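Chains as they are written, first to last, in my numbering: chain W, 3 to 372; chain A, 275 to 538.
All C-beta atoms, glycine included, are put in the ideal place defined by N, C-alpha and C.
Computed from a prediction, not measured in an experiment: that's the story for all the values here.
Please read the structure below before turning to the comments.
Printed below as a string of structure tokens:
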């Protein structure tokens, strides 16, 4: 009577495993790995159990990765005449403010000529984090950012129009969600020792697997194409403890940017950050090895709610030496982001000023040790 | 009684003679530059080497000597071959000129020790680097029991180094490559410091991950497996030194001069 046979694949390289009568183990002829029969049976039993559990999960939540974000919490639209709109003819930014506030210059490009327009039909935010920093605090933060930067050209500070800094509520999509998945790593541990006149290196190779999940709340992705994403990410995080339900009472005196990036377009960045975080956290659980290389990664996302919020940012756009420099200050924490211009003359002077004495010292040291 | 006293005096005198480490037992006569007490050389070899050494010494006004003994410790100059050598050099008033300038190479056969002692103005021609070069010239010969060859190399290499020193160009270590490396390190250090200040001018960058927004206690690890695959073993033979077990020389100083000593 024919009996069923099971052919196992090598976990390391997926080559066929063959039973060796000499060693009593299952051996892979491709990568020379060898396993006890019971270990392989247990490994594959656990793998099948995990696959079955994931299949059951998929059946409950079909196509979880491709499910749309839940935007049911997002409020309706603005009331007619509630807000004023301004557009910048230079960079195309579209700003809004309350009826009693006027925009004097574009906070993105510094253009002083902004054109008022009609504003209607936009989504109203769910949340707002009010400004905690006053204008003077923002100016002080920016001056602190300039301080101690030895390569900053002197004329940049002299010509800087720091008083033109403006407070802007930047629109953000805030994503909730969960990432779960598994990763596999090839790792090894090395032992080096001496035996007589021989130096012996023993390397033990392992296949390491990790599975897990992590939940996220309100990952911010800025909803304005005018606002460079890296600037907003550089001034994170915002303290969500101070987040309030949206009210126009927080707007007077400040501009607000209109969102022009739909939440379906913003979720790509949120997805990427979720995946990267789970991969980092799983990788950190692999300890006790001399080297670790990622073999495979399978991360799935379960999308939750998306919210629309306005977050406070002090902004200044400076034009110097035919280049534009943008500075952003977290209107809540004071964290500042902005690339500064560099005086190449000062760089060369520092390099020469260090190289010459160091080289002389090196020459003298080589003569003494010679 | 008188006879006993005479006998006792004779015995005491004999013992005193044995205990005194004097140049008489070292046999260093004037005009001798090669003192082969261990009998390693034939008389012709000894004579040829002696003539060569004498010619060099007179030409460069710097004594160049060779001595072989069975066991340097019998001189009573201590158990260190280098110390014994410089004491021997000074006690026999070797060297040329008022400064007793010269150098001596001593071989002690009992434990196969050697010592090279350089004194006075001879240190101008044979600094620490020059002594290593001189040592390299004869040491391999002695390890192969080629005594005449080793002493010939000692004298011929010594001659070329004395000649260069005489021209005002003594042999010195080429520090060019070393200096180049040191200066390169200095320049790289300068670039690193400059780079640190440069990096301060740029602080706008994308964030990796979203750890600040993780909730629910962080990572929920549901499965972990560390599966041993295989062990590989690499064996490397550590090459022995070319001296077949004997150690190389080491730099020494003492007796007002410098030199090297070791085993061959």
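**OP:** Could you check what DSSP says for residue 314(W) in three-state terms: helix, strand or coil?
**Re:** By 1-based counting over the first chain, the position of residue 314(W) is 312. The answer is strand: DSSP assigns residue 314(W) an E or B state.
**OP:** Label residue 228(W) either buried or exposed according to how many other C-beta atoms from any shown protein chain fall within 10 Å of its C-beta, with 16 as the threshold for buried.
**Re:** Locating residue 228(W) in the first chain gives position 226, counting from the first residue. Per the 10 Å Cβ criterion, buried.
Subject >> Span of the beta strand (DSSP E), counted from its first residue to its last, around residue 20(W) >> reply: Taking the first residue of the first chain as 1, we reach residue 20(W) at position 18. Here the beta strand (DSSP E) through residue 20(W) covers 19–22.
Original post:
Looking only at its own chain, which residues have a Cβ that is under 6 Å from the Cβ of residue 237(W), when we skip the five neighbours before and after it?
Top reply: As a first step, residue 237(W) is located in the first chain; it is residue number 235 there, counting from the start. Hits under 6 Å: 330, 332, 337 and 339.
Subject >> Option nearest residue 388(A) by Cα separation, candidates 317(A), 380(A) and 462(A) >> reply: What you label residue 388(A) is simply residue 114 of the second chain in a count that begins at 1. Looking at the Cα atoms, 380(A) is the closest of the given residues.
Original post:
Can you list, in chain order, the stretches of the alpha helix (DSSP H) that have 4 or more residues and sit fully within the segment 368–438 of chain A?
Top reply: Here the runs fully enclosed are 396–399 and 402–417.
Subject >> Counted within 10 angstroms of its Cβ, other Cβ atoms place residue 298(W) as buried (16 or more) or exposed >> reply: In the first chain, residue 298(W) corresponds to position 296, counting from 1. By the 10 Å Cβ count, residue 298(W) comes out exposed.
**OP:** Within the segment 281–368 of chain W, note down every full beta strand (DSSP E) run reaching 3 residues or more, in order along the chain.
**Re:** 293–322 and 325–332
Original post:
In terms of residues, what are the limits of the beta strand (DSSP E) holding residue 319(A)?
Top reply: As a working mapping, residue 319(A) is identified with position 45 in the second chain. Run containing residue 319(A): none in the beta strand (DSSP E); it sits in the alpha helix (DSSP H), 317–334.
Original post:
Which class does residue 247(W) belong to by DSSP, given the choice of helix, strand or coil?
Top reply: Here residue 247(W) refers to the residue found at position 245 when the first chain is read from its first residue. If DSSP states are grouped into helix, strand and coil, residue 247(W) belongs with the strands.
**OP:** Report the residue from 165(W), 207(W) and 131(W) whose alpha carbon sits nearest the alpha carbon of residue 250(W).
**Re:** Taking the first residue of the first chain as 1, we reach residue 250(W) at position 248. Closest option to residue 250(W), Cα to Cα, is 131(W).
Subject >> Within-8 Å CB hit, residue 98(W) to chain A >> reply: Translated into positions along the first chain, residue 98(W) becomes position 96. Not an interface residue.
Original post:
Three-state secondary structure (DSSP) at residue 95(W)?
Top reply: One-based indexing of the first chain puts residue 95(W) at position 93. DSSP places residue 95(W) in coil when its eight states are reduced to three.
Original post:
Ordered along the chain, which non-local residues of its own chain (more than five positions away) have a Cβ less than 6 Å from that of residue 21(W)?
Top reply: What you label residue 21(W) is simply residue 19 of the first chain in a count that begins at 1. Cβ within range, chain order: 28.
Original post:
Assuming residue 371(A) contacts residue 335(A) under a Cβ cut-off of 8 Å, what Cβ separation, rounded to an integer in Å, is found between them?
Top reply: As a working mapping, residue 371(A) is identified with position 97 in the second chain. As a working mapping, residue 335(A) is identified with position 61 in the second chain. Contact holds; Cβ gap of about 6 Å.
Subject >> Cβ contact check for the segment 183–196 of chain W and the segment 476–488 of chain A: 3 or more pairs under 8 Å >> reply: no
Subject >> Whether residue 176(W) touches residue 311(W) by CB criterion (8 Å) >> reply: On the first chain, position 174 is the one that residue 176(W) refers to. On the first chain, position 309 is the one that residue 311(W) refers to. Contact flag set, yes.
**OP:** Compare the beta carbon distance of residue 398(A) and residue 377(A) with 8 Å and say whether it is the shorter of the two.
**Re:** Working through the second chain from its first residue, we reach residue 398(A) at position 124. Working through the second chain from its first residue, we reach residue 377(A) at position 103. No, these two residues do not count as a Cβ contact at 8 Å.
Original post:
Mind checking residue 127(W): buried by the 16 CB within 10 Å criterion, or exposed?
Top reply: Within the first chain, residue 127(W) is the residue found at index 125, counting from 1. Residue 127(W) comes out buried.
Subject >> Pair within 8 Å by beta-carbon distance, residue 504(A) and residue 41(W) >> reply: Residue 504(A) sits at position 230 when you count from the first residue of the second chain. Residue 41(W) sits at position 39 when you count from the first residue of the first chain. Here residue 504(A) is not near residue 41(W), since their CB atoms are 8 Å or more apart.
Subject >> 8 Å Cβ cutoff, residue 167(W) in contact with chain A >> reply: Stepping through the first chain from its first residue, residue 167(W) is reached at position 165. Cβ-Cβ to chain A under 8 Å: no for residue 167(W).
Original post:
From the DSSP output, which residues share a beta bridge with residue 208(W)?
Top reply: One-based indexing of the first chain puts residue 208(W) at position 206. 189(W) and 502(A).
Subject >> Opposing strand residues paired with residue 175(W) [DSSP bridges] >> reply: As a working mapping, residue 175(W) is identified with position 173 in the first chain. Partner(s): 223(W) and 310(W).
Subject >> Pairwise C-alpha distance: residue 366(A) and residue 302(A) >> reply: The count along the second chain starts at 1 and reaches residue 302(A) at position 28. The count along the second chain starts at 1 and reaches residue 366(A) at position 92. If I take the Cα positions, the gap works out to 7 Å.
Original post:
Nearest to residue 289(W) by CA position, among 512(A), 509(A), 523(A) and 500(A), is which residue?
Top reply: Mapped onto the first chain, residue 289(W) falls at position 287. Considering only alpha carbons, the answer is 500(A).
**OP:** Could you please tell me which residues of the segment 338–360 of chain W, in chain order, have their CB closer than 7 Å to any CB of chain A?
**Re:** If the cut-off is 7 Å between Cβ atoms, the segment 338–360 of chain W has 339, 340, 341, 342, 344, 349, 352, 353, 356, 357 and 360 near chain A.
Original post:
Rounded to a whole number of angstroms, what is the C-alpha to C-alpha distance between residue 97(W) and residue 154(W)?
Top reply: For the purposes of this step, residue 97(W) is identified with residue 95 of the first chain, where counting begins at 1. For the purposes of this step, residue 154(W) is identified with residue 152 of the first chain, where counting begins at 1. Residue 97(W) and residue 154(W): Cα-Cα distance of roughly 32 Å.
Original post:
Which residues share a DSSP beta bridge with residue 342(A)?
Top reply: Along the second chain, read from residue 1 onward, the residue named residue 342(A) stands at position 68. Beta-bridge pairing links residue 342(A) to 310(A) and 381(A).
**OP:** Over the uninterrupted alpha helix (DSSP H) stretch that includes residue 357(A), give me the two end residues.
**Re:** Sequence index remark: in the second chain, residue 357(A) carries index 83 (1-based). First-last of the alpha helix (DSSP H) with residue 357(A): 355–365.
Original post:
Taking Cβ positions only, does residue 16(W) come closer than 8 Å to chain A?
Top reply: Translated into positions along the first chain, residue 16(W) becomes position 14. For residue 16(W), the answer is no, since every Cβ of chain A falls outside 8 Å of its Cβ.
Original post:
Quick one: does residue 45(W) have its CB under 8 Å from some CB of chain A?
Top reply: For the purposes of this step, residue 45(W) is taken as residue 43 along the first chain, with counting starting at 1. So yes, residue 45(W) belongs to the interface.
Subject >> Contact set for residue 275(W): own chain, Cβ-Cβ below 7 Å, skip 5 residues either direction >> reply: Translated into the one-based positions of the first chain, residue 275(W) becomes position 273. Here the set comprises 221.
**OP:** Under 6 Å Cβ to Cβ from residue 263(W), same chain only, skipping five residues before and after it: list those, please.
**Re:** Working through the first chain from its first residue, we reach residue 263(W) at position 261. Taken in chain order, the residues that qualify are 225 and 227.
Original post:
Within the 8 Å Cβ cut-off, does residue 487(A) reach chain W?
Top reply: As a position in the second chain, residue 487(A) is number 213, starting the count at 1. Output row for residue 487(A): interface = yes.
**OP:** Flag residue 208(W) as yes if its beta-carbon sits less than 8 Å from any beta-carbon of chain A, otherwise no.
**Re:** Taking the first residue of the first chain as position 1, residue 208(W) is located at position 206. Taking Cβ atoms only, chain A reaches closer than 8 Å to residue 208(W), which makes this a yes.
**OP:** Residues of the segment 489–511 of chain A with a CB closer than 8 Å to any CB of chain W: list them in chain order, please.
**Re:** Against chain W - using a Cβ distance shorter than 8 Å - the residues of the segment 489–511 of chain A are 489, 490, 492, 493, 494, 495, 496, 497, 498, 499, 500, 501, 502, 503, 504, 505, 506, 507, 508, 509, 510 and 511.
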